[in-house]
Amino acid sequence: MSIDLSQFHQIFYEESFEGLEAMESCLLDLDTDSVDSETINTIFRAAHSIKGSSGTFGFTEITEFTHVLETLLDQIREGSRQLTQAHVDLLLQSVDCLRGMLSHLQAGEPAESDVAKSLIDSFNAILNGEETAASEPDDDQSNAATVIDDQPTVSTDNRAEKTEYVIRFKPELGMLRTGNEPTRMFRELAELGEMDVTCDIEKVPSFDQLSPEDCHVSWEINLSTEKEMSDIQEVFEWVEDDAVIEIDMVAGLFIDPPTDAAEQVSQAPQEELVIEASSESDKKAAKPAAKPKASTKTQESTSIRVGTDKIDSLVNLVGELVITQSMLGQLGTDFDLSKLAKLQEGLAQLEHNTRELQESVMRIRMLPISFTFSRFPRMVRDLSRQLGKQVDLKLMGEQTELDKTVMEKIGDPMVHLVRNSLDHGLETPEERIDAGKPETGIVTLNAYHQGGNIVIEIIDDGRGLDRDKIRVKAIENGLITESDHLSDDQVYDLIFQPGFSTADAVTDVSGRGVGMDVVRRNIQELNGSVEVHSEPGLGSTFTIRLPLTLAILDGQLISVGVQTYIIPLVSIVESLQVDTSLINHVAGGCDVFRLRDEYIPIIKLWEVFGIEPASKDISDSLLVVLEVGSSKVALVVDDLLGQQQVVIKSMESNYKKIEGISGATILGDGTVSLILDITDLVYMAGIHHQQSRISHLKAVDDHRAA
Amino acid sequence: MSASPNNLGDQDNNVSEVDLTLKDNDEADQYLTFIMADEEYGVDILSVQEIRGWESVTPIPNSPMHVKGVINLRGTIVPIIDLRQRFGLENIEYGPLTVVIVLKVESEKGERIMGIVVDAVSDVYALSNQDMRDAPDLGDHVDTAYIKGLVNVDSKMLILLDIDELLGSDSIPEINMPAIKEMSHEAH
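Written out as structure tokens, the structure is:
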């Protein structure tokens, strides 16, 4: 009987990576001075699961590696070894190493084990070097090893005093369904010492009522072992929630009289049967989780873990939809005008159902941002050491949800910004003390929802951006001229220009002069924006704004001539009818109009797109003021039609990228409407190179006003 | 062993040559033909997804004249190309008989769905490669890469189009069909 185990590989990788993540975050939480036993246990459990399942799948490199790791952890857990910072470092390195090995395996390559070997050596050095301090390293090793070793090795070692335990193990009916296998546990118990099992089959129903999936039997086990109570508890670790487990210590070497032969006989065949049926799957049972998950067929395809509640609500909604559909169907078979009200009611319900269904489906793609945040504690820890700075990382709003695709793409820009904050933003401890600030700098990652957007803030309490330095650098690079008077925010915004870096020395961490512009471009590709705010001496805040999803857009419908276009609502600042007296023509072919204290360049959509508008007179038209990056433009349109959520469809899939258009959508009447790409439009209208002149005008104006 | 399938293939081709006149020949490709300015054109029927009546489109700004715009084909955005304008033929008003042939085009970036506007759909023919003659060399100024070949059926000339070549690339070269026609008629 052979089961194709490769179908479980993907799940193994996912679980192992998750386990590694858990290990990493716990390791970072560890305080070497006061070790929290629960944290150690969590790390141990994660390592243990990885070891168990890698053994099942035959990834011996991983099994061997996790084994030594586990041995060390076990000693720390038992308290026989004091946890030191060196241990934590080594363990963190092992997490990286394991991650690398797993990635190799996932890519179908052999797990590269040079690093692993040297790490194993380091572990062994620790384990052997202090062998006297360790209580029973050999025993621990064999104990840990037997879990993956299917050979039940009954301990005949009598040198330690044996204790007698009575274990009452009453599984609940559904225990077998969670993938737990009593035989496996008995086998593990047998390894701990001599054992006697009595099986209680009183509750087993008559054969016609017997459901093979239910567990009706319970056991009483007499175990004589020199191991601790906790070792026994560990065997039952995965079934704690599914069974009643009582473990009592019986004083002395008293041994129960042999149990009733008849009962033993009745128990034996059952056990055998179970082994027969699950000799393959009981290895898999070593894995803790039997959670529902999206199965993936190919290695490349990504999967997503969805909470059962989300699936349940989907099923409910589909159920409601079916009911509405059948109601409408019934109505349609013999319809007359007297049923009009009912029809309208049904249609309203249909609309309601559809909208809820849509929202529900979108929610499935939503994941808490903690998936992205979780990589930062480790990064900050390593970086702060490298830079010789003391940094406290605070995470806020980790449960804020956003679309998986957005999340995948926002990781790298965020890494860059956090690196920047650590490298450039925060001062060294000495500098901080000199500035009268606490030695330890604080970097905060904060996420929250605002309207249809998610806002991610990266806040540091460092020295802030150096306005003058940026300005000098920008003049050097020809981005601005000496005579330009810019507001603080405008100066700070310059750091997002290509090829801009003020780092005095190019460090390994940041400062290569590529980056901030890439950060902004990546974020803009997601229809988002990034801006920076800074106070000298107090720190800086980078604010990233992103749409919750890439599939749906809040749009403003506008009309030009007979055409309807859609403007992303996020980029609209305001819409207004304009007095022609406020419009000036700047030499160079660009109209600007004055909105309060700003001069805003005007883009005539009909001109850019070469279509016939209802009127070419601006006083008959409306101006839609749009924000592009940090500057503003005004779009001349004939009319505003309405706002609605639109589903974004690609133009590229069947045609090609069209300048000025980011995509298309289908309106309620079935016609196609094009979605405007504002950044493109500005470029098309040739306004981009005039921006500095406009901002210059504005600055002069500010100057006059002051 | 490896040679025998080839031999078999040769035999099949021989058979098809003998049965040249037969329609629905298994070895021949089937072509859907359509009429445009009194000429009959053919496209590989396997690339035809569906045939629709003309409906109004959403124009694409700053696109070439022959790209009429995009339509909503059951949730997919499909560009519509006017083949008359594409070939530099005289424009006509779209009427109730104006037909859009929706084609699956192989491009560098994968399969695309595109529609072409033609005057009317005509017939389906089974034609083998032996029937086909290469388009005559029309000099450097006329690109004939999108013409698969010319075929005579019932004393009519069919122009078989290679739609992947015609619609698959982003940069669409200017085509002067009257010139090609004139020269190919002369060639006959």
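Chains as they are written, first to last, in our numbering: chain D, 34 to 739; chain W, 1137 to 1324.
C-beta atoms are modelled at their ideal positions from N, C-alpha and C, and glycine is treated no differently.
Three-state class that DSSP yields for residue i in the structure shown
i: E631(D); result: strand
i: L673(D); result: strand
i: I402(D); result: coil
i: S244(D); result: coil
i: N479(D); result: strand
i: H42(D); result: helix
i: R201(D); result: strand
i: S686(D); result: coil
i: I1196(W); result: coil
i: S86(D); result: helix
i: W252(D); result: strand
i: N486(D); result: strand
i: D172(D); result: Summary for D172(D): the model assigns pLDDT 39, below 50, so the residue's position carries little reliability; its value from the coordinates is reported in the next sentence. It is helical.
i: Q300(D); result: Annotation note: pLDDT 43 at Q300(D) (below 50); position unreliable, no value reported.
i: V603(D); result: helix
i: D494(D); result: coil
i: L206(D); result: coil
Nearest to residue i (by Cα), restricted to the options the options
i: T704(D); options: D154(D), K682(D), S567(D) and L105(D); result: K682(D)
i: M360(D); options: V715(D), V451(D) and L383(D); result: L383(D)
i: I1187(W); options: V1236(W), N1288(W), I1295(W) and T1280(W); result: V1236(W)
i: D653(D); options: V448(D), L609(D), E235(D) and G141(D); result: L609(D)
i: W252(D); options: T258(D), M218(D), S239(D) and S244(D); result: M218(D)
i: N1208(W); options: M717(D), G701(D) and L709(D); result: G701(D)
i: I278(D); options: L243(D), D342(D), R210(D) and I200(D); result: I200(D)
i: G430(D); options: F404(D), L125(D) and P446(D); result: F404(D)
i: W271(D); options: T93(D), R132(D) and H81(D); result: H81(D)
Start and end residues, beta strand (DSSP E) containing residue i
i: I1299(W); result: Premise fails: I1299(W) lies in the alpha helix (DSSP H), I1299 to L1303, not in any beta strand (DSSP E).
i: F1170(W); result: D1165 to M1172
i: M429(D); result: V424 to M429
i: G1251(W); result: G1246 to V1254
i: S592(D); result: I585 to V593
i: P1215(W); result: T1212 to D1218
i: Y1177(W); result: E1175 to D1180
i: I1283(W); result: I1283 to V1289
i: P580(D); result: G572 to P580
Residue range of the alpha helix (DSSP H) that includes residue i
i: E103(D); result: T93 to E111
i: I1228(W); result: No alpha helix (DSSP H) contains I1228(W), which DSSP labels as neither H nor E.
i: G446(D); result: Checking the sequence shown, residue 446(D) turns out to be Pro, not Gly. It spans K437 to N453 - the alpha helix (DSSP H) in which P446(D) sits, taken as one unbroken run.
i: E221(D); result: P215 to L225
i: P462(D); result: P462 to D467
i: N560(D); result: Segment: none, N560(D) is in no alpha helix (DSSP H) and carries neither H nor E.
i: S654(D); result: Per DSSP, S654(D) belongs to no alpha helix (DSSP H) and is neither H nor E.
i: V505(D); result: R500 to E509
Chain A contact for residue i (CB, 7 Å cutoff)
i: K682(D); result: Among the protein chains in the structure shown, which are D and W, there is no chain A.
Test item: CB-CB of residue i and residue j under 7 Å
i: P410(D); j: L61(D); result: yes
i: R554(D); j: V563(D); result: no
i: I600(D); j: V679(D); result: no
i: D1298(W); j: Y1282(W); result: yes
i: E205(D); j: A276(D); result: yes
i: A667(D); j: V658(D); result: yes
i: L579(D); j: V413(D); result: no
i: T712(D); j: V670(D); result: no
i: I1217(W); j: V1238(W); result: no
i: E16(D); j: M399(D); result: The requested residue 16(D) is not part of the displayed model; chain D covers only 34 to 739.
i: G1178(W); j: V1241(W); result: no
i: V250(D); j: I234(D); result: yes
i: G1205(W); j: P1197(W); result: no
i: I109(D); j: I159(D); result: no
Residue i Cβ short of 6 Å to the ligand PLP heavy atom set
i: V1214(W); result: Absence of the ligand PLP from the depicted structure is noted, as is the absence of any ligand whatsoever, leaving it without description.
task = With 8 Å as the C-beta to C-beta threshold (strictly closer), list the residues of the segment 692-720 of chain D near chain W in chain order.
result = Going along the segment 692-720 of chain D in chain order, one finds E692, G693, I694, A697, I699, G703, T704, V705, S706 and L707 with a Cβ nearer than 8 Å to chain W.
task = Below 8 Å between beta carbons is the criterion; list the residues of the segment 629-653 of chain D that meet it against any residue of chain W, in chain order.
result = Per Cβ criterion, the list reads V641, F642, G643 and I644.
request  = Please name the residues in the segment 505-528 of chain D whose beta-carbon is closer than 9 Å to at least one beta-carbon of chain W, in chain order.
outcome  = Listed by position, the residues of the segment 505-528 of chain D near chain W (Cβ gap below 9 Å) amount to none.
ask   = Residues in the segment 1240-1257 of chain W with C-beta within 7 Å of chain D's C-beta atoms, listed in sequence order?
value = Listed in sequence order: R1248, I1249 and M1250.
query = When Cβ atoms are compared, which residues of the segment 347-366 of chain D fall closer than 8 Å to chain W?
reply = Within the segment 347-366 of chain D, no residue has a Cβ that lies closer than 8 Å to any Cβ of chain W.
request  = Using a Cβ-Cβ cut-off of less than 8 Å, list which residues of the segment 580-614 of chain D approach chain W; keep chain order.
outcome  = So the list reads Q596, given in the order they occur along the chain.
message = Give me the subset of the segment 554-568 of chain D whose CB atoms are less than 9 Å from a CB atom of chain W, sorted by chain position.
response = So nothing in the stretch comes that close.
task = Select from the segment 1211-1236 of chain W all residues with a C-beta closer than 9 Å to any C-beta belonging to chain D, and list them in chain order.
result = Residues G1211, T1212, I1213, V1214 and P1215.
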